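Here the structure comes first, spelled out in structure tokens, and everything after it is commentary.
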Amino acid sequence: MLEEKNNLKAWLYLSPALVLLAVFTFYPLFNAFYLVFLKDFNYLLREFDGYTLLGNFSYVVRNPNFKQAMINTFFIVFVSVPVSVMIALFVSVALNSIKKLQGFFQTIYFLPYVTNAIAVGMAFAFIFHQDYGLINTFLGWFNVNPINWVGTGASWGNAMFSLLVYTIWGGLAFKIMIFLSGLQSIDKQYYDAARVDSTPRRRVFTKITVPLLSPMILYIVITSFIGAFKAYATVVGMFGVGLGPAGNPKSMITMVALVYDALEHTGSIGAISEAAAASIILFSITLLFTIIQMWVSKKRVHY
Amino acid sequence: MEIKLQNLTKVFQAKDKTETIAVNSLDITIPAGKLIGLLGPSGCGKSTTLYMIAGLLKPTEGKIFFGDEDVTEKAPEDRGIGLVFQNYALYPHMTVRQNIMFPLENLKVPKAEAMVRAQEMADLVGIGELMDRKPKQLSGGQQQRVAIARALVKKPRVLLLDEPLSNLDARLRLQTREEIKRIQRETGITTIFVTHDQEEAMSISDEIVLMEVGFKRQVGIPQDVYDMPENLFSAKFLGTPPINLFEGSIKEGKVTLFGGVIEKTKAKDIESCWIGIRPEGFLVDKEGPLELHIDMVETIGRDTSLVIKDEKNNTRSFRVIVDSSNRILPGDKVKFSVKPSKLFLFDKVTGEKLG
Ligand SMILES: Nc1ncnc2c1ncn2[C@@H]1O[C@H](COP(=O)(O)OP(=O)(O)OP(=O)(O)O)[C@@H](O)[C@H]1O
Ligand SMILES: [Mg+2]
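Protein chains in written order, with the working numbering: chain S, 1 to 303; chain U, 1001 to 1355.
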């Protein structure tokens, strides 16, 4: 009796969140799986011309930007995630070992997390500015000629490099915060024991810190993979809605950008289904990688 | 190897500048190859002393010698010590074998040799069959033995144990206690064993060091410390049931308690002092100077424990243990004399032994 009452209360407390989730998350999610199988769906008239299994997927694949979107997305995922996880790991271990000013540094590293991605993107675009940017000024001290990172006609490589630097930096804050809290929960006695046993620093890191932090590392790797697959705001922040440097539009397009691109033409026939197909392709890739990671980590993560 | 602590002092300073003197000018010499029990109540500075010897804490003052070598400034990794933590600190992600081999790998011992030595050590402490388990899959006693094996496998010059038995149940405690003693004898490593359990310290140690609020109170063979306490703290800390304390006086070399002269002493006259008598120090004696009114009687096999109200202070009672062949009933009035070897006199202010 008592338990049932509590149950009711729990559901009551949860209901606002559940309603919002249902309306804005679950319904669109399942709806996408429905829309993707409609042939020539007219969004305005809500009419369609029978069903198709792969038709909408083939639209996506034949889209002239599809290949570029895949390349860019995979580039962002497989460069930014490993690099930023490594950097975050080293920074947090270093932060954890200093006593003075620790709070100050923690705040500094945490700033990007509370700052708007678009705003930071614009700041980074300026840092990479050909004539006034910090990077070129710095390179100038070593007699390197100004490089066109993100300006008109910037090459794909330069633009991607700038985007990656920004993506990595932007992702550090959250990772460092998680790693720091993980490090602080590791019993100090393990380190005392390691000292008494004359363990070299490198071995302390690889044999004690990393394994004991492995649940956090797995969590961070998986969430950052998912986040990187969804990259979009960073591109807009840096290059605007052109999705690339002036004179080289769409060169930085990503999978999510592809979805938004299709949605731009919501009025035209089949566009919504194409967007659904693109998002389902992205979802499947993300899911596949997450499953692979979970499976690989079974042996390597110590809870 | 002999360990010498010279004027060893540790002051902790809190954020608000209040200072705690955890260890206060400790001078101790620990003979080579012996097992020393560091004994004292909670918070008296035992762990602090141990961690200073290990090098994990830096002394505020004083010096530490291993043999003739001054190791005060040496890092823990260079001291060649084995340390068993209170909660073992076994690496949870490594198997027993990996845990025991870890110190050897650090010393770059070849893998094959490290395997053999780890196995030998595991066999010595009796966990040879558990090598592939993780610490979580072991009982407290087994974990403790892994911790000892890990500490011993690199053949340390000194073995330090911080209350290693405190997490074990009574029976396992007794058993592991014997085992530590055996392992120590077999290896001959100078060992310091921290505990706040007097019985544990008395039974395992070659010598005990008794500490209170950062001070060394007495050092010696356990039985000697029990038989000849140098101060009130030593007398009170050792012995179960604890020593009985009475306020009394010394006049013209006579010790008077409850109006009877119970003992002669060379100590100077004093108006008021502590008279300590061990519970087993009373003898039923028709001619005895002490007549006591028995309140309760508990016979436990060989011994009879008598509970007697303090005449001067009715809310306090004390215990006397006599041979059970004396048939005594509650309410009886019995005359006692006091065994001189079980009677101690202490100054009321300093707590030092008189006479
Ligand atoms: N890091 C520290 N900072 C401040 N004070 C400390 C610190 N470590 C210990 N102390 C204080 O020093 C004193 C001695 O502590 P210690 O840990 O050596 O006691 P102990 O004899 O080992 O006690 P126990 O039997 O409870 O383990 C205590 O009063 C304790 O509060
Ligand atoms: Mg302690």
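Using N, Cα and C, we set each Cβ at its ideal position, and we do this for glycine too.
For clarity, every value in this text was computed on a predicted model and none was experimentally measured.
When you compare each of the options to residue i by their alpha carbons, which one comes out closest?
| i | options | result |
| --- | --- | --- |
| S/N148 | S/V301, S/G247 and S/H129 | S/H129 |
| U/T1187 | U/K1034, U/G1248, U/S1203 and U/P1222 | U/K1034 |
| U/L1213 | U/I1021, U/M1001 and U/L1008 | According to the sequence shown, residue 1213 of chain U is Val rather than Leu. Nearest of U/I1021, U/M1001 and U/L1008 to U/V1213, Cα basis: U/I1021. |
| S/M122 | S/V236, S/E274, S/V61 and S/A277 | S/V236 |
| S/T290 | S/A275, S/T107 and S/I226 | S/I226 |
| S/I269 | S/L35, S/I168 and S/A125 | S/L35 |
| U/T1350 | U/I1308, U/R1217 and U/Q1006 | U/R1217 |
| U/G1140 | U/E1120, U/A1151, U/N1167 and U/M1121 | U/N1167 |
| S/T206 | S/L54, S/M86, S/Y132 and S/V77 | S/M86 |
| S/F41 | S/V120, S/I272, S/F74 and S/V91 | S/I272 |
| U/G1276 | U/Q1142, U/Q1086 and U/F1344 | U/F1344 |
| U/L1039 | U/L1354, U/T1072, U/E1163 and U/K1353 | U/E1163 |
| S/I317 | S/A275, S/V259 and S/N96 | As shown, chain S starts at 1 and ends at 303. That puts residue 317 of chain S outside it, with no answer to give. |
| U/K1156 | U/G1253, U/A1170 and U/A1054 | Sequence inspection shows Pro at residue 1156 of chain U; the Lys mentioned does not correspond to that position. Comparing Cα positions, the closest option is U/A1054. |
| S/I222 | S/V301, S/L163, S/Q184 and S/D192 | S/V301 |
| U/I1003 | U/Q1144, U/F1066, U/E1019 and U/L1056 | U/F1066 |
| S/L29 | S/Q293, S/I280, S/K298 and S/W295 | S/I280 |
| U/G1331 | U/K1309, U/D1323, U/I1321 and U/D1347 | U/K1309 |
Assign residue i to buried or exposed, taking buried as 16 or more other Cβ atoms, counted over all protein chains shown, within 10 Å of its Cβ.
| i | result |
| --- | --- |
| U/D1224 | exposed |
| S/P16 | exposed |
| S/R46 | exposed |
| U/H1093 | buried |
| U/Y1088 | buried |
| U/R1079 | buried |
| S/W11 | exposed |
| U/N1314 | exposed |
| U/K1286 | exposed |
| U/P1059 | buried |
| S/D261 | buried |
| U/Y1226 | buried |
| S/L212 | buried |
| U/S1341 | exposed |
| U/Q1175 | exposed |
| S/T152 | exposed |
Helix, strand or coil for residue i per DSSP?
| i | result |
| --- | --- |
| S/I186 | coil |
| S/K230 | coil |
| U/D1227 | helix |
| S/V61 | helix |
| U/W1274 | strand |
| S/M55 | In the sequence as displayed, the identity of residue 55 of chain S is Gly instead of Met. The answer is helix: DSSP assigns S/G55 an H, G or I state. |
| U/S1025 | strand |
| S/I281 | helix |
| U/E1263 | strand |
| U/E1311 | coil |
| U/E1105 | helix |
| U/K1353 | strand |
| U/L1306 | strand |
| U/R1117 | helix |
| S/S92 | helix |
| U/R1177 | helix |
| S/Q106 | helix |
| U/T1191 | strand |
What in chain B is Cβ-close to residue i, meaning under 8 Å?
| i | result |
| --- | --- |
| U/E1077 | Although the question refers to chain B, the structure presented lacks it and instead comprises the protein chains S and U. |
Hey, quick one: how far does the alpha helix (DSSP H) through residue i stretch, first residue to last?
| i | result |
| --- | --- |
| S/F124 | A117 to I127 |
| U/S1203 | Q1198 to I1204 |
| S/I208 | Per DSSP, S/I208 belongs to no alpha helix (DSSP H) and is neither H nor E. |
Go to residue i, then tell me how far its beta strand (DSSP E) extends in each direction, as first and last residue.
| i | result |
| --- | --- |
| U/T1299 | L1290 to I1300 |
| U/K1254 | K1254 to L1257 |
| U/L1345 | L1343 to F1346 |
| U/N1007 | I1003 to Q1013 |
| U/M1211 | E1207 to E1212 |
| U/E1129 | It is not in any beta strand (DSSP E) - U/E1129 carries neither H nor E in the DSSP assignment. |
| U/R1319 | S1317 to D1323 |
| U/G1082 | I1081 to V1084 |
Is there contact between the region 1007-1022 of chain U and the region 87-107 of chain S, where contact requires at least three CB pairs shorter than 8 Å? no
How do the region 285-297 of chain S and the region 1045-1052 of chain U stand: do at least 3 beta-carbon pairs fall below 8 Å, yes or no? Taking a cut-off of 8 Å for Cβ pairs, the region 285-297 of chain S and the region 1045-1052 of chain U do not touch, as fewer than three such pairs fall below it.
Is the region 1286-1297 of chain U close to the region 1266-1273 of chain U, with three or more CB pairs under 8 Å? no
Tell me whether the region 201-211 of chain S and the region 51-68 of chain S touch, counting them as touching only if at least three CB pairs, one residue from each stretch, are closer than 8 Å. No: the two stretches stay apart, fewer than three of their Cβ pairs being nearer than 8 Å.
Can you find at least 3 beta carbon pairs, one from the region 1105-1117 of chain U and one from the region 1179-1199 of chain U, that sit closer than 8 Å? Contact between the region 1105-1117 of chain U and the region 1179-1199 of chain U is absent, because fewer than three Cβ pairs lie under 8 Å.
With three or more C-beta pairs closer than 8 Å as the rule, is the region 173-193 of chain S touching the region 144-164 of chain S? no
State whether the region 1189-1207 of chain U contacts the region 1232-1245 of chain U, with contact taken as three or more CB pairs (one from each stretch) at a distance under 8 Å. yes
Would you call the region 247-261 of chain S and the region 64-75 of chain S touching, i.e. three or more CB-CB distances under 8 Å? yes
Do the region 1245-1263 of chain U and the region 1323-1341 of chain U make contact, defined as three or more Cβ pairs closer than 8 Å? yes
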